[in-house]
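In full-length UniProt numbering, the protein residues as written are 1 to 609.
A virtual CB, placed ideally from N, CA and C, is assigned to each residue, including glycine.
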Amino acid sequence: MLASRSDSQLRSLENPDKQTMRGESSKRSDKLLEIPRKKLNMRLYTEQEQKIQNLINSKSVTISIIALVGIYAILIFVIVALEELMDETEFNNVSIILSWIELGILIVFILEIAVGLYAWGVMKYYKDKWLILDTLIILLSLFFVIFELADQKTSNVVKVIQAVFRFLRIFLLIRKAQTFRRLSTISTISTPAEKIVRFLSELKEVIELESMKLDIDYCIDKIGNNQLYQMGKLDEDNAEAMGWLNQSQQGKSSVRKIVTVDQQQQQKKVLANFQKLNIPKRVLELLDKQHDDLYIDPFECDKLSGGEGLVYLMLFLFENYNLYDVFLIKPKVVRSYFEEVMRGYQDNPYHNRVHAQDVAQTCNFLLNRCKFIEIGQLDEQDIACVLIAGAIHDYGHPGLTNAFLINSKNDLALTYNDQSVLEMFHPSQCFKIAWTNQKANIFESLTFQKYRRIRESIISMVLSTDMAHHASELAITNSRVAAPDFEPYGKDKQRLMDLVVHSSDVSNPTKSFEIYKQWTERVLTEFWLQGDKERELGLPISYLCNRYTTNMAEAQLGFIDYVVKPTFSCVLGFLPAFEPYLENLDKNKAKWQELVGYYKQQLASIQTQ
Ligand SMILES: [Zn+2]
Numbered sequence: 001m002l003a004s005r006s007d008s009q010l011r012s013l014e015n016p017d018k019q020t021m022r023g024e025s026s027k028r029s030d031k032l033l034e035i036p037r038k039k040l041n042m043r044l045y046t047e048q049e050q051k052i053q054n055l056i057n058s059k060s061v062t063i064s065i066i067a068l069v070g071i072y073a074i075l076i077f078v079i080v081a082l083e084e085l086m087d088e089t090e091f092n093n094v095s096i097i098l099s100w101i102e103l104g105i106l107i108v109f110i111l112e113i114a115v116g117l118y119a120w121g122v123m124k125y126y127k128d129k130w131l132i133l134d135t136l137i138i139l140l141s142l143f144f145v146i147f148e149l150a151d152q153k154t155s156n157v158v159k160v161i162q163a164v165f166r167f168l169r170i171f172l173l174i175r176k177a178q179t180f181r182r183l184s185t186i187s188t189i190s191t192p193a194e195k196i197v198r199f200l201s202e203l204k205e206v207i208e209l210e211s212m213k214l215d216i217d218y219c220i221d222k223i224g225n226n227q228l229y230q231m232g233k234l235d236e237d238n239a240e241a242m243g244w245l246n247q248s249q250q251g252k253s254s255v256r257k258i259v260t261v262d263q264q265q266q267q268k269k270v271l272a273n274f275q276k277l278n279i280p281k282r283v284l285e286l287l288d289k290q291h292d293d294l295y296i297d298p299f300e301c302d303k304l305s306g307g308e309g310l311v312y313l314m315l316f317l318f319e320n321y322n323l324y325d326v327f328l329i330k331p332k333v334v335r336s337y338f339e340e341v342m343r344g345y346q347d348n349p350y351h352n353r354v355h356a357q358d359v360a361q362t363c364n365f366l367l368n369r370c371k372f373i374e375i376g377q378l379d380e381q382d383i384a385c386v387l388i389a390g391a392i393h394d395y396g397h398p399g400l401t402n403a404f405l406i407n408s409k410n411d412l413a414l415t416y417n418d419q420s421v422l423e424m425f426h427p428s429q430c431f432k433i434a435w436t437n438q439k440a441n442i443f444e445s446l447t448f449q450k451y452r453r454i455r456e457s458i459i460s461m462v463l464s465t466d467m468a469h470h471a472s473e474l475a476i477t478n479s480r481v482a483a484p485d486f487e488p489y490g491k492d493k494q495r496l497m498d499l500v501v502h503s504s505d506v507s508n509p510t511k512s513f514e515i516y517k518q519w520t521e522r523v524l525t526e527f528w529l530q531g532d533k534e535r536e537l538g539l540p541i542s543y544l545c546n547r548y549t550t551n552m553a554e555a556q557l558g559f560i561d562y563v564v565k566p567t568f569s570c571v572l573g574f575l576p577a578f579e580p581y582l583e584n585l586d587k588n589k590a591k592w593q594e595l596v597g598y599y600k601q602q603l604a605s606i607q608t609q
């Protein structure tokens, strides 16, 4: 899409702030209000047309049409089979009935097209060129059926054309099935921002005035980048105003050298350097084989490591990507740092050191196996930040949610003013570890600028794991991934790094069911312990925290549908290599569906006790 834009369009997209500063954009919009709609050549839909569009696009109508296409396909095969099996008179008698059924189905298809044409208008409806072919096939099919019903004695030539033509109709089935697949993978949840962006994109399609299209691009860009309330660029000479307004942005992003990691070369080096890391042989073998595998068993890794899996994983990955050079430190400092981090994880059922190891390792799966390093052109510094964020993201977790800490007026909630309490606490503690223990200070040799960038990036990723911001952040990322100026290796990189850590944090349902089930039992055990505390303290019992009413299987079905699927659909938008793993969500959902009854019984037996 970018390639088809003229240079002037591109310039204006790159420099939207300049436009607004001069007031050109707003002036143009004022003028537009005076131009009659006809001159703009735009077609705005009436309320009735919009209602019909929504109805046609609804899941129930689409499914009904697909069902009808299915029946139609079966009918075609039945006709062809009967023609072979029966003698001519017998077949002629049966074929009249079948032809009437066919006629009925074709009339429904014609009606669907007619309603679509009414709702969207000819130009918009046939923008999808395949629909022209669909219409042609249906009209010709109708012609043949009427011909057949009017006159039984068709010539041999017509019969052959008819037979060939029948198979052409199978096209319809494939086309409709594709529409269905698209519908079933698209998440139905959307925020107002997404709806506005969708509306603006549709508006752009019906407008012909180039200058107005540019204005719409500007709007989409600002909404998609969450920059609605950001100041435009100030004049360079107004230094005082710049000083006041950019206080929080000191030392921000200078152009960074991008180095891609030559993995093969690294691999050879790693094997030679492994000895000095003192990683137990069996752990090393496991990591060598599965460090970027979604299906590694984190519990097995922890067991083989004697509880030090997080430390060994980080040492292995630092060596693998040669990250010591980013920090100019020796492996022993890295070891000391992650030993401290590991010790800070409490022995919670879920939020413990194995979860940290699991999230860091899943980040590495997305970085390496799903090629985020290549797509985002990540340098060693970026890789280090993602892996560190994964490892520290739940440091010191008390096994209680933000809601509990806030409701119980916990010291942490008071310290962080109820705002992303735990997500503020985790990185804060992990930076303190470094600066209070010299032997473990991985940041000591960094320049001030580099330290600021690394710190900013890590904190951003850990904050992104706060579920309170999940829906709004995901909506913005979706808009960015779909935007014409999307830059996974440039201005969108940090946002995608944030999503890589957040999606790894909710990735349990993408894994094998055996591992996933263990995590589920652990997380609910933790929630239920919190629920018991809430009951004791007379606090409201949080969602999923009541052990007497929460059905484990049902809870997971909701988690997959409302959180995990939309998250990984977004990941798929920029990491297409994730596609084969997406089906695990449906497979695991099916397994939970089978278990809903079992957990219902369990709950009933607890309640009657
Ligand atoms: Zn976590």
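With a threshold of 8 Å (Cβ to nearest heavy atom), would residue i be considered close to ligand 1?
i: Asp505; result: yes
i: Thr549; result: no
i: Val386; result: no
i: Asp394; result: yes
i: residue 610; result: The shown model of the chain, from 1 to 609, leaves out residue 610, and the question about it has no answer.
i: Val421; result: no
i: Thr465; result: yes
i: His351; result: yes
i: His291; result: no
i: Val359; result: yes
Applying the 10 Å Cβ sphere with the 16-neighbour rule, what's the burial state of residue i?
i: Arg343; result: exposed
i: Phe365; result: buried
i: Asn417; result: exposed
i: Ser504; result: buried
i: Ser201; result: exposed
i: Val283; result: buried
i: Ile35; result: Confidence at Ile35 is low in this model, with a pLDDT of 43, below 50, so its placement is unreliable and no value can be given for it.
i: Leu537; result: exposed
i: Met123; result: exposed
i: Pro298; result: buried
i: Asp411; result: exposed
i: Ile71; result: exposed
i: Lys511; result: buried
i: Ala81; result: exposed
i: Pro488; result: buried
i: Val69; result: buried
i: Ala150; result: exposed
i: Phe109; result: buried
i: Ile541; result: buried
i: Tyr312; result: buried
i: Ser253; result: Per-residue confidence for Ser253 stands at a pLDDT of 36, beneath the threshold of 50, marking its modelled position as unreliable; the derived number appears in the next sentence. Result: exposed.
i: Lys31; result: Only weak support exists for where Lys31 lies, its pLDDT of 45 falling under 50; the value from the coordinates is given anyway. Exposed, because fewer than 16 other Cβ atoms sit within 10 Å of the Cβ of Lys31.
i: Glu514; result: exposed
Roughly how far, in whole angstroms, is the beta-carbon of residue i from the beta-carbon of residue j, given that I think they are within contact range, below 8 Å?
i: Phe568; j: Phe578; result: 7 Å
i: Pro580; j: Leu474; result: That belief does not hold up - the Cβ atoms of Pro580 and Leu474 are roughly 22 Å apart, past 8 Å.
i: Val386; j: Met467; result: With a Cβ gap of about 20 Å, Val386 and Met467 do not count as contacting.
i: Ile392; j: Ala193; result: In fact, because the Cβ distance is near 31 Å, the residues do not count as touching under 8 Å.
i: Gln593; j: Leu557; result: 7 Å
i: Ile296; j: Gln361; result: 6 Å
i: Gly390; j: Val501; result: 6 Å
Using a threshold of 8 Å, is the CB atom of residue i nearer than that to any non-hydrogen atom of ligand 2?
i: Val78; result: With respect to ligand 2, the structure shown offers nothing to examine, as its ligands consist of ligand 1.
**Request:** Evaluate contact between the stretch 385-401 and the stretch 422-441, counting only Cβ atoms and requiring at least three cross-stretch pairs below 8 Å.
**Result:** yes
**Item:** Three CB pairs or more closer than 8 Å across the stretch 202-216 and the stretch 468-485
**Value:** no
**Message:** I'd like to know if the stretch 310-329 and the stretch 445-458 are in contact, where contact means that at least 3 CB-CB pairs between them fall below 8 Å.
**Reply:** yes
**Prompt:** Do the stretch 513-525 and the stretch 546-554 meet, that is, are 3 or more Cβ pairs less than 8 Å apart?
**Reply:** yes
**Item:** the stretch 102-116 contacting the stretch 130-147, beta-carbon criterion three pairs below 8 Å
**Value:** yes
**Request:** State whether the stretch 306-313 contacts the stretch 333-349, with contact taken as three or more CB pairs (one from each stretch) at a distance under 8 Å.
**Result:** yes
**Message:** Between the stretch 505-514 and the stretch 528-536, can you find at least three pairs of beta-carbon atoms closer than 8 Å?
**Reply:** no
**Message:** Within 8 Å, do at least three Cβ pairs link the stretch 401-410 to the stretch 343-359?
**Reply:** no
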